[in-house]
Each structure stands twice: as C-alpha cells, then as structure tokens.
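Peer 1: Structure in structure tokens, see below.
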Amino acid sequence: MLIWQGCVLGYWVHLSGPGPGFFPVVLGVLLQPVAALLVLAGRSAGEKPAWDRGSLRAVGAGALAFAITIWLVNRLGMLVSVGLYTLAWLRLVGRYRWPRAVALAAGTVLAVYLIFVLWLRVPFPSGILPL
Amino acid sequence: MGTWSYLWQGFLSVFQPQHLLFCIIGVVAGQVIGALPGIGSVSGVALLLPLTFGMDPESAVIMLTGIYYGCMYGGTVSAVLIDIPGDSAAIMTGLDGHRLALQGRGGQALFMAAVGSFVAGTFAILMLTLFAPPLARFGLRFGPPETAALMLLALTSLGWLTGESAAKGLLSALLGLFLAVIGVDSVSGRPRFTMGVVDLMDGIPFLPVVIGIFGITQVLLWLEERTDWKVMEAKLGLRAILPSLQEWAVSKWAIVRGTVVGFFVGLMPGAGATTASFLAYTLERQSSRRAHLFGKGAIEGVAAPESANNAAAIAAYVPLLSLGIPGSATTAVLMGGLMLWGLRPGPLLFRDAPEFVWGLIASMYVANFLLLAINTLAIPPMIRILSIPAPVLMSIVSVISIVGAYCIDNSVFDVWLALGAGVLGYFMHKLKMPVPPVVLGLVLGPDLETAMRQSFMLSRGSVAIFFTRPIALGLLIATALFLSAPTIGGLLRRRRLAAREAPADR
Numbered sequence: 023m024l025i026w027q028g029c030v031l032g033y034w035v036h037l038s039g040p041g042p043g044f045f046p047v048v049l050g051v052l053l054q055p056v057a058a059l060l061v062l063a064g065r066s067a068g069e070k071p072a073w074d075r076g077s078l079r080a081v082g083a084g085a086l087a088f089a090i091t092i093w094l095v096n097r098l099g100m101l102v103s104v105g106l107y108t109l110a111w112l113r114l115v116g117r118y119r120w121p122r123a124v125a126l127a128a129g130t131v132l133a134v135y136l137i138f139v140l141w142l143r144v145p146f147p148s149g150i151l152p153l
Numbered sequence: 343m344g345t346w347s348y349l350w351q352g353f354l355s356v357f358q359p360q361h362l363l364f365c366i367i368g369v370v371a372g373q374v375i376g377a378l379p380g381i382g383s384v385s386g387v388a389l390l391l392p393l394t395f396g397m398d399p400e401s402a403v404i405m406l407t408g409i410y411y412g413c414m415y416g417g418t419v420s421a422v423l424i425d426i427p428g429d430s431a432a433i434m435t436g437l438d439g440h441r442l443a444l445q446g447r448g449g450q451a452l453f454m455a456a457v458g459s460f461v462a463g464t465f466a467i468l469m470l471t472l473f474a475p476p477l478a479r480f481g482l483r484f485g486p487p488e489t490a491a492l493m494l495l496a497l498t499s500l501g502w503l504t505g506e507s508a509a510k511g512l513l514s515a516l517l518g519l520f521l522a523v524i525g526v527d528s529v530s531g532r533p534r535f536t537m538g539v540v541d542l543m544d545g546i547p548f549l550p551v552v553i554g555i556f557g558i559t560q561v562l563l564w565l566e567e568r569t570d571w572k573v574m575e576a577k578l579g580l581r582a583i584l585p586s587l588q589e590w591a592v593s594k595w596a597i598v599r600g601t602v603v604g605f606f607v608g609l610m611p612g613a614g615a616t617t618a619s620f621l622a623y624t625l626e627r628q629s630s631r632r633a634h635l636f637g638k639g640a641i642e643g644v645a646a647p648e649s650a651n652n653a654a655a656i657a658a659y660v661p662l663l664s665l666g667i668p669g670s671a672t673t674a675v676l677m678g679g680l681m682l683w684g685l686r687p688g689p690l691l692f693r694d695a696p697e698f699v700w701g702l703i704a705s706m707y708v709a710n711f712l713l714l715a716i717n718t719l720a721i722p723p724m725i726r727i728l729s730i731p732a733p734v735l736m737s738i739v740s741v742i743s744i745v746g747a748y749c750i751d752n753s754v755f756d757v758w759l760a761l762g763a764g765v766l767g768y769f770m771h772k773l774k775m776p777v778p779p780v781v782l783g784l785v786l787g788p789d790l791e792t793a794m795r796q797s798f799m800l801s802r803g804s805v806a807i808f809f810t811r812p813i814a815l816g817l818l819i820a821t822a823l824f825l826s827a828p829t830i831g832g833l834l835r836r837r838r839l840a841a842r843e844a845p846a847d848r
C-alpha cells in the first residue's frame, strides 16, 4: 500500500502546461497530505496485509478468465467467447456436470443473442459465427 | 403552470402504456436485483443501463428509477430470509429481521418493511414534489464559484460518510477526479495523462468504469469468498403475514421517525440510503422503551431502517434534479446515464425539460404503489428467484458486465477498461477504501474543473472569488466542517480516553 502511494505521488507532481495542468496540480497538492496521513495511519496501526496468497490466486484466476474472454472477443466473436466463459465458469467454479453446464451456457448465449442482437441491434464482433 | 399541473402532466405521461410497462419492468427487476445477495442497487442500475440505450430517455429513466427504488424494497427480502443483505441499505434490517424470521415471524417483518417503505417513500416523493422546484430556482442563481463549492462539498461529505476513514474517502474522491482528468483537455485541446493511447483521448468513459467497479469487482470478491446461501422457509400467504396489533403499535412511530431521519439524511449530498438506515436504527434503539429487544427480533428495528432507506433513496433525487449533485453512488450512476442522453440534471432541467422531470417524479408515485402491491401480495414467487445458485448468478453478472461494457460504445477497449476498473475495485475493497467517491469524482470531475477555471477567469486568478460570494462561502465553510469533523471527533475521543486512563494510572 505504501509503495502504491509513492507511485501515485510520483505521477502527480509534474505539470502538463499552465492551463490544462492547473487542475491536476490542485489535485496533486491535495493528494499529498491525504496520502501522508494514510501512510502515518498505516504505520501506527501496523495492519496485517489485507490479502493472502490463496485469495490472490483465486482473484487472479478470475481476472485472467475475464482477460482471456475479452481477448477472444475480437477473434472468435462476442457470443462464442461469452459462451466459452460461462461454460468454463460453471464447470470449474460451479462444479456442474457437463450436460447442465452446457445447457446453462447455451441458455446464456441465447439470452444475450435475443436481448442484444435481436432487440437492441448491437453490432457484435461476429467472429467465426455467420451471424 | 404550477407544480400541480406539471405533476398532472407527468402522470398522464407515466400512464402511457409504454412508460407504464417500463415502470413495471423496472420495479420487478429492481425487486429481484435488490433481493439477490451480491448485487445491490448501484450494480443493478449500472449493469442494466446499457439495456436502456434503445429506449427514449423518459422510458429509460423511469425504468432505472424503478430499479433503484425496487432495490430498496428487495434488499429486505434477503436480509430477513437469508441474513445476507441484498443491498447495503438493508444491512440494519437484517439484524432484527432475521431474528424475527427465526422466530417464525419473517412474514410480519417483510410486511412491516413494505408498509414502512411505502409510507416513507410517499412522504419523500411529496416533499420532492414540493421542494425540488424552488430549490432548482435557487440553484439557477449559482455561478461557477458556487457550483465548484457545492461539488467540493458533495465530494468531501461522501468521502467521510461512506467509509470508516475520512482520509481513505478523500483519497478515493481524488482518484475519481484524477481519472476524470485523463483525456483531451476541453479548453486547450491538449491530451493529458493519456500515455499516448489513442483510445484514452476521449477521456475515461464513465459507464465501463462503473460496470467494472461494481459488476466485475463483485464477481472477483465472490471468487475469493465463495459463499452460497440458503433461503429460509416461511409462511408467506397474505393472511399469515399480517402483523399483530401490538406490532403495529410499536412500529407506527418507528416508521415516522425513520421517514424523517431518512429524508433529511438522504438530502445531504453524499449520504445515501445506507447511512440513513444506520442512523434510523440507532435512533430507534436509543429512543425505544424496549431497547433490550433490539438485535433479538424487534419489529420496529425492521420498520425504522426500511422506512429510512426508502425516504433517503427518494431524497437523494432532490439535490440531483434541482442542483445537479448526486446524493449517492446510485444517483451518480443515474446522472452519468442521463448525461449520455444529453439531459444534464441540474437547475436548468426543470426549465428546459419539465415533461421529463415531472414524468420521472410521477413515475415514483406509481412505482411506490406497485412495490407495495408486490411486497404484500407476491412475496412467494419473488423468493423462488432467490434460490438461484450463487455460481450461476455470478456467471450471469460477469456476462452482463462484459456485454454491457461492450455495447455502450461498441468498443472492446471499454471492456478492457471495465476489467481494469474491476481489479481496481477489488483492491479498494480490500484496502477498505470506499468506492462511491470514485464514481462521484468521475462524474463531477469535468464539471468541477470547468467551474473552477471559469471562476478563476471571472476573478482574473484571484482566490477571493470563492470567499466573497455568500453562497459559495457558506458551502465552503460547510466543506471545511465536514473535513474537520472526523479529525476533531477523533481528538475528542482520544482526550476522553486519556482522561479515563489517567485516574487508572494513579
């Protein structure tokens, strides 16, 4: 947390021109005492770290799943990647059996298709599906 | 035209079949979202905002208000029956509500909450009808310095009211303001903090961040905890849920007190329904003759916070509609949505788009009635929806987050932003930094900057402009008080502790 504070402060202090830079500098100036206060408070409290390795791994895996899905959107298309995401999620997190997981994932994709493609006419990246 | 004829026009507009339909969809969706543990009113509104893009603004905002409002009712259901508040505004309800459910009086708790919510909501809408227009006229006299001071007040008060530490709240607000700075500067046209990324030139779009910070964060937090829930069985036919006369007697004043507390807390920029319900519960326990029953199943401990959160939810619309300052995270999201349609909440809205404002206000009356009906007559089917397993719910939330973030601007970059915001939100939760100030900072940032710059242009660079105009000065003094209150409070507490310890040393 302290390191993170330092990073934020480092980014703040430079001016990007008198006019446009005015507001950022005001923000930066305001940020200093607040950050200092928090650093002091953090030191005196001697808090435990807010997360441990196990939870970080779970959350990291979740974020990675999101990232892979988004990366796939432009390659396989929105519907396919969202379907794969749901399937993986239900199998790995929900521990559903294959038939139920497939059915639920298909249902999700169908709902997304009906709402966003047919009703709202959102132009999804169609990817490999001929839609 | 006076207030009442405008309101009449508003009712005519709401009763158009299309608007009425969206109002119904909204309250039902809100009720469900509010009841589902894990997604609250902010995430509900944020996730469903993209769905409204195909509608005309009036239907959209009617539906979104219905969702917000339905959440206030819906959160009660899971708080009472599962002991997981579906919405943070229902945390206090769960304390006594779940005890009542364990004693087999869950139905009564729900019924009383619905009645309390209805009374409080109706009162608050009436107050909104009466006081928002004059406040908006007052707001028209605001120049840039006043606007800037008002926004500062909103940002600082939200900071210390929502979190445990004022400094963390302020840091969140500053973070939000910083995100708002990214992009091309509107005056000089120079890009700021874009790190050369072309997609960032337009600035950080508001909705993907909100979707990420509420939707995706929720999924990540759930992945860490992996909690599942079980709905309690309860008899919920209409006859089985009518409270006894004695329960009415003790709840009557709790509802009135909760309503008043809720309304005034909700009016304050920054203090939303959650704060209101906390205060109402505390007040009720202090003023009650049966204080020993609180926490063990006192029905007035359900009635008071439930009335308060509904009154506050409506009250938050007063500053939003009349001054353009959102009173809570959810209204901040709504404001972001309204701006997408080119409707700027604020004093001008009453003058320029009266049909819109009054349609919205009229829809609240209607939504309130609908929700009273749903929550007294149709609780059993609502509860069936609650039995959806947590993993399935979370996968739905993630899919809506991805698709929703995409279809705001048909941009995959926005989805990446949402993911970034989601990870940011996760760490903020872990560091116990309140999230609403970020949202508020992001919404208000551009306006605050413009207002400040205009002020300095008016005054040719002198800071005095903020101190010589009475309204601005008053607002700044209030801001200073808000900022110093926690520090002074902390000092007093420390002195009292020291005083208590001193004799012990001797």
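Protein chains in written order, with the numbering used here: chain X, 23 to 153; chain B, 343 to 848.
All residues carry an ideal CB built from backbone N, CA and C; glycine is no exception.
None of these values were measured; they are calculated from a predicted model.
1) Keeping to the same chain, check which residues put their C-beta closer than 7 Å to that of B/F473; ignore five residues upstream and five downstream.
2) Note down, one range per segment and in chain order, each beta strand (DSSP E) of at least 3 residues found wholly within the region 434-516 of chain B.
3) What separation, rounded to the nearest whole angstrom, lies between the Cα atoms of B/A455 and X/V102?
4) Pick helix, strand or coil for B/K638, following the three-state DSSP scheme.
5) What's the gap between the Cα of B/E697 and the Cα of B/A490?
6) Do you know whose CA, among B/V644, B/L676, B/I703, B/D789, lies nearest B/F465's CA?
7) Just curious, the alpha helix (DSSP H) that B/K772 is in, first and last residue?
8) Determine, using beta carbons only, whether B/W758 comes closer than 8 Å to chain X.
9) Measure the C-alpha to C-alpha separation of B/G554 and B/Q588 and round it to an integer number of angstroms.
10) Is the region 743-751 of chain B close to the region 434-444 of chain B, with three or more CB pairs under 8 Å?
11) Ignore the nearest five residues each way along the sequence and tell me which others in X/W111's own chain have a CB closer than 8 Å to its CB.
12) Taking C-beta pairs closer than 9 Å, name the residues in chain B that X/G99 reaches, listed in chain order.
13) Measure from the alpha carbon of B/S514 to the alpha carbon of each residue in B/R483, B/P779, B/G376, then state which is nearest.
14) Cβ closer than 7 Å: which chain B residues qualify as neighbours of X/I90?
15) What is the DSSP secondary structure of B/M677, counted as helix, strand or coil?
16) Is it buried or exposed for X/P121, if we count other Cβ within 10 angstroms and need 16 for buried?
17) Please report whether the beta-carbon of X/W111 lies at a distance below 8 Å from any beta-carbon of chain B.
18) Would you kindly work out how many angstroms separate the C-alpha atoms of B/G481 and B/E791, rounded to a whole number?
19) Nearest CA to the CA of X/I92: which residue from B/Y768, B/G816, B/L773, B/A760?
20) Once the 5 residues before and after B/A421 are set aside, which same chain residues still bring their CB inside 6 Å of it?
21) Please classify B/D694 as buried or exposed, where buried requires at least 16 other C-beta atoms within 10 Å of its C-beta.
22) B/P733 versus chain X: which residues are under 9 Å apart at the beta carbon?
23) For chain B, find out if any of its Cβ atoms is closer than 8 Å to the Cβ of X/Y135; answer yes or no.
24) B/Q445: buried (16+ other C-beta within 10 angstroms of its C-beta) or exposed?
25) Give the secondary structure of B/P399 by DSSP, where H, G and I count as helix, E and B as strand, and everything else as coil.
26) Determine the DSSP secondary structure at B/Q358, reduced to helix, strand or coil.
27) Going along chain X, which residues have a C-beta under 7 Å from B/Y768?
28) Alpha carbon to alpha carbon, what distance is there between X/L136 and B/P379?
29) Which same chain residues, not among the five before or five after B/T601, have their C-beta less than 6 Å away from its C-beta?
30) From B/L519, B/G684, B/A645, B/G557, pick the residue whose C-alpha is nearest to that of B/W595; which is it?
31) Within 8 Å, do at least three Cβ pairs link the region 394-406 of chain B to the region 355-365 of chain B?
32) Between the beta-carbon of X/V95 and the beta-carbon of B/V757, is there less than 8 Å?
33) By alpha-carbon positions, which one of B/I819, B/A820, B/I716 ends up nearest to B/G372?
34) Out of B/L662, B/G764, B/A655, state which residue places its alpha-carbon closest to the alpha-carbon of B/A618.
35) Could you give the DSSP three-state label for B/Y415: helix, strand or coil?
Peer 2: So, from the listed chains and residues:
1) Within the same chain, V660 come within 7 Å of B/F473 by CB-CB distance, once the 5 residues on both sides are set aside.
2) Qualifying beta strand (DSSP E) stretches: none in this window.
3) Linking B/A455 to X/V102 through their CA atoms gives a straight-line distance of about 44 Å.
4) coil
5) In a straight line, the C-alpha of B/E697 is about 28 Å away from that of B/A490.
6) B/I703
7) B/K772 -> alpha helix (DSSP H) spans 754-772.
8) yes
9) Using only the alpha carbons, I get a separation of about 47 Å.
10) no
11) Within the same chain, X/W111 has close Cβ partners A87.
12) Chain B residues near X/G99: none, gap ~11 Å exceeds 9 Å.
13) Checking every option, the nearest Cα to that of B/S514 belongs to B/P779.
14) Correct list: empty, because the minimum Cβ distance to chain B is about 11 Å.
15) helix
16) exposed
17) yes
18) 19 Å
19) The shortest Cα separation from X/I92 among B/Y768, B/G816, B/L773, B/A760 belongs to B/A760.
20) P427, A432, T435, G436, G439
21) exposed
22) W111, L112, V115, G116, R117, Y118
23) no
24) Result: exposed.
25) helix
26) coil
27) V81
28) 26 Å
29) A462, F465, S649, A653
30) B/A645
31) yes
32) yes
33) Nearest option by C-alpha distance: B/I716.
34) B/A655
35) Residue state, collapsed to three classes: helix.
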